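Colleague:
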Amino acid sequence: MTAQSNALSATPALYQNWQQLRAEQSGLRARDAAAKLGVSEAELTASRLGTDAVRLRPEWAALLPALGELGYIMALTRNEHCVHERKGVYADVTVMGSGQMGMVLSPDIDLRLFLSGWASVFAIDETTARGPQRSIQVFDRQGVAVHKVYLTATSKEAAWAPLIERFRAEEQSTELDLQPLPEAKPPRADTDVDVTALRSEWSQLQDTHDFFALLKRNEVARTQALRLAGHEWAEPLATVELTKVIEAAGQGEVPIMVFVGNKHCIQIHSGPVSNLRWMDTWFNVLDPNFNLHLKTTGVTELWRVRKPSVDGIITSYEGFDADGELVIQLFGVRKPGIPERDDWRALAETATVLID
1 MTAQSNALSA TPALYQNWQQ LRAEQSGLRA RDAAAKLGVS EAELTASRLG TDAVRLRPEW
61 AALLPALGEL GYIMALTRNE HCVHERKGVY ADVTVMGSGQ MGMVLSPDID LRLFLSGWAS
121 VFAIDETTAR GPQRSIQVFD RQGVAVHKVY LTATSKEAAW APLIERFRAE EQSTELDLQP
181 LPEAKPPRAD TDVDVTALRS EWSQLQDTHD FFALLKRNEV ARTQALRLAG HEWAEPLATV
241 ELTKVIEAAG QGEVPIMVFV GNKHCIQIHS GPVSNLRWMD TWFNVLDPNF NLHLKTTGVT
301 ELWRVRKPSV DGIITSYEGF DADGELVIQL FGVRKPGIPE RDDWRALAET ATVLID
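Every letter in the sequence shown is one number past the one before it in UniProt numbering, and letter 107, counting from 1, is 107.
1. What runs of the alpha helix (DSSP H), each 4 residues or longer, lie entirely inside the region 217-298?
2. Verify whether the separation of the beta carbon atoms of Ala221 and Pro187 is less than 8 Å.
3. Kindly say whether Glu340, judged by its beta-carbon, lies nearer than 8 Å to any beta-carbon of chain D.
4. Where DSSP assigns a beta bridge to Val104, which residues make up the other side?
5. Quick one: using the 10 Å Cβ neighbour count with 16 as the cut-off for buried, is Lys36 buried or exposed?
6. So for Ala169, helix, strand or coil by DSSP?
7. Closer than 7 Å by C-beta to Ser40: which residues in its own chain qualify, once you throw out the five before and the five after it? Chain order, please.
8. Around the C-beta of Gly38, are 16 or more other C-beta atoms found within 10 angstroms, so that it is buried, or is it exposed?
9. Grouping DSSP H, G and I as helix and E and B as strand, with all else coil, what is Asp52?
10. Considering just the uninterrupted stretch of the alpha helix (DSSP H) at Gln20, what are its terminal residues?
11. According to DSSP, is Thr300 part of a helix, a strand, or is it coil?
12. Span of the beta strand (DSSP E) holding Ala145?
13. Which residue from Pro272, His264, Gly71, Glu241 puts its Cα closest to that of Val258?
14. Spatial neighbours of Leu21 within its chain, please: CB distance less than 8 Å, with the 5 preceding and 5 following residues excluded, ordered by chain position.
15. Indicate the three-state DSSP secondary structure (helix, strand or coil) for Glu318 in the structure shown.
16. Pairs of beta-carbons, one from the region 248-258 and one from the region 266-282, closer than 8 Å: are there three or more?
17. In the DSSP output, what is His84 paired with across the bridge?
18. Near Leu70, which residues of its chain fall below 8 Å by C-beta distance, leaving aside the five closest residues on each side in sequence?
19. Please state whether DSSP places Val121 in a helix, a strand or coil.
20. Quick one: is Ala7 buried, meaning 16 or more other Cβ sit within 10 Å of its Cβ, or exposed?
21. So, does the region 112-119 touch the region 293-305, judging by three or more C-beta pairs under 8 Å?
22. Compare the C-alpha of Glu165 against each of Phe122, Thr174, Asp108 and name the closest.
23. Identify the continuous alpha helix (DSSP H) that holds Pro65 and give its terminal residues.
Now the structure itself:
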């Protein structure tokens with residue numbers, strides 16, 4: 001940090017309060033500390049400017065490809081109930097011409113980026129109980145963390161400082177211009193939905209990626225569509241079946257795709273899972289390149305979903321929280337043009353339908 005940046009952002013009261021809280025509750029994560037202090041995580045992060053954080057320019061089309069210079073990193077995306085951590089190299093980054101959407105399609109880091117909701121970004125270089133930790137952290141307009149990238153023991157440390165200097169914001173301001181979350185439009189009553197049209201359109205899907213457009217055209221919420229689709233396409237399951245199918249996939253060495261996301265980023269793991277551990281109500285995958293931390297009590301609704309495609313039926317497990325927000329999705333590993341794996345479908349169809 002420069003003397004100028006220190007002068008511009010003398011340690012604010014928020015930062016001091018946070019340090020006192022950390023002293024009282026060692027190991028407290030920034031997200032939880034922010035909640036206890038009544039601020040957003042972005043505000044808490046901004047309070048570190050001049051200490052161990054640098055504000056970067058939110059130039060996503062240039063910054064995201066530049067992350068590949070860091071080599072082998074850990075990408076983290078989470079929502080309220082699930083954390084998805086995947087190690088690999090940021091490569092094959094595409095930002096669409098409009099700048100609203102992006103993708104990372106490297107063999108290990110697989111992301112869908114909804115960049116219109118990305119607002120601020122910081123580089124953090126901190127000292128922890130386990131040693132130095134460097135990360136790039138992105139936040140939305142509500143101050144909620146969207147996506148984080150952490151250096152690992154084998155990252156290209158020499159690339160860190162040049163990258164930070166290249167994207168350093170001229171003004172190291174703590175101002176974030178946070179905005180309230182737009183009020184969600186209440187779902188239509190089931191009786192107002194043309195169920196026949198919904199089911200007909202569902203039966204004619206050609207690609208799973210067309211599902212969001214189907215929801216929008218029919219003006220239905222996701223869980224509402226699942227309720228109305230009929231058992232041919234969607235069946236409610238007991239929530240315990242979510243971890244059971246992951247355990248079965250691990251035992252049977254069936255490679256799966258694990259989707260976890262929030263409003264602005266979806267992160268995907270494709271491959272086997274093996275080191276599965278329960279820690280109280282948390283279900284964890286602790287493999288060398290993939291970690292998952294699922295708060296099982298946060299999943300209050302689980303569905304087995306079937307969507308037609310040009311490659312045949314695609315089966316998924318979809319877990320939702322009490323607000324109807326998608327927590328996690330599971331598929332069998334596949335590529336476009338290839339039918340669904342028989343071993344995944346057999347696992348997915350094992351669970352008994354919950355009586356609804």
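In this text, a Cβ means the ideal position worked out from N, Cα and C, and glycines have one as well.
Being a predicted model, the structure only gives us computed values, none of them experimental.
Modeller: Here's the rundown:
1. 222-228, 240-252, all fully within the region 217-298.
2. Translated into the one-based positions of the sequence shown, residue 221 becomes position 221. Translated into the one-based positions of the sequence shown, residue 187 becomes position 187. Yes, these two residues count as a Cβ contact at 8 Å.
3. Structure shown: chain D not included; a single protein chain is present.
4. Locating residue 104 in the sequence shown gives position 104, where the first residue counts as 1. The partner list for Val104 (beta bridge, DSSP) reads Val93, Leu111.
5. Locating residue 36 in the sequence shown gives position 36, counting from the first residue. Lys36 counts as exposed, since fewer than 16 other beta carbons sit within 10 angstroms of its beta carbon.
6. Here residue 169 refers to the residue found at position 169 when the sequence shown is read from its first residue. DSSP, read as helix, strand or coil, puts Ala169 in coil.
7. Within the sequence shown, residue 40 is the residue found at index 40, counting from 1. Here Ser40 has Ala34, Gln142, Gly143, Val144, Leu178 as same chain residues with Cβ atoms under 7 Å from its own Cβ, once five neighbours each way along the sequence are excluded.
8. One-based indexing of the sequence shown puts residue 38 at position 38. Around the Cβ of Gly38, a 10 Å sphere holds fewer than 16 other Cβ atoms; the residue is exposed.
9. Stepping through the sequence shown from its first residue, residue 52 is reached at position 52. In this structure, Asp52 counts as coil in the three-state DSSP scheme.
10. Numbered from its first residue, the sequence shown carries residue 20 at position 20. 13-24 is the extent of the alpha helix (DSSP H) around Gln20.
11. Locating residue 300 in the sequence shown gives position 300, counting from the first residue. Judged by DSSP in its simplified three-state form, Thr300 adopts coil rather than helix or strand.
12. Along the sequence shown, one-based indexing puts residue 145 at 145. Start and end: 145-155.
13. For the purposes of this step, residue 258 is taken as residue 258 along the sequence shown, with counting starting at 1. For the set Pro272, His264, Gly71, Glu241, the Cα lying nearest the Cα of Val258 is the one of Pro272.
14. Numbered from 1 along the sequence shown, position 21 holds the residue referred to as residue 21. Cβ contact annotation for Leu21 (same chain, cutoff 8 Å, sequence separation greater than five): Leu28, Ala33, Lys36, Leu37, in chain order.
15. Residue 318 sits at position 318 when you count from the first residue of the sequence shown. Strand.
16. Contact holds: three or more Cβ-Cβ distances are below 8 Å.
17. Taking the sequence shown and counting its residues from 1, the one referred to as residue 84 is at position 84. By DSSP's assignment, His84 forms a beta bridge with Thr77, Leu292.
18. Counted from its first residue, the sequence shown places residue 70 at position 70. Cβ contact annotation for Leu70 (same chain, cutoff 8 Å, sequence separation greater than five): Tyr90, Val149, Leu151, Ser155, Lys156, Ala159, Trp160, Leu163, in chain order.
19. Within the sequence shown, residue 121 is the residue found at index 121, counting from 1. When secondary structure is reduced to three states using DSSP, Val121 falls in the strand class.
20. On the sequence shown, position 7 is the one that residue 7 refers to. Note that Ala7 scores 36 on pLDDT, short of 50, meaning its location in the model is unreliable and no value can be drawn from it.
21. Segments in contact, no.
22. As a first step, residue 165 must be located in the sequence shown, where it is residue number 165. Considering only alpha carbons, the answer is Phe122.
23. Taking the first residue of the sequence shown as 1, we reach residue 65 at position 65. First-last of the alpha helix (DSSP H) with Pro65: 60-66.
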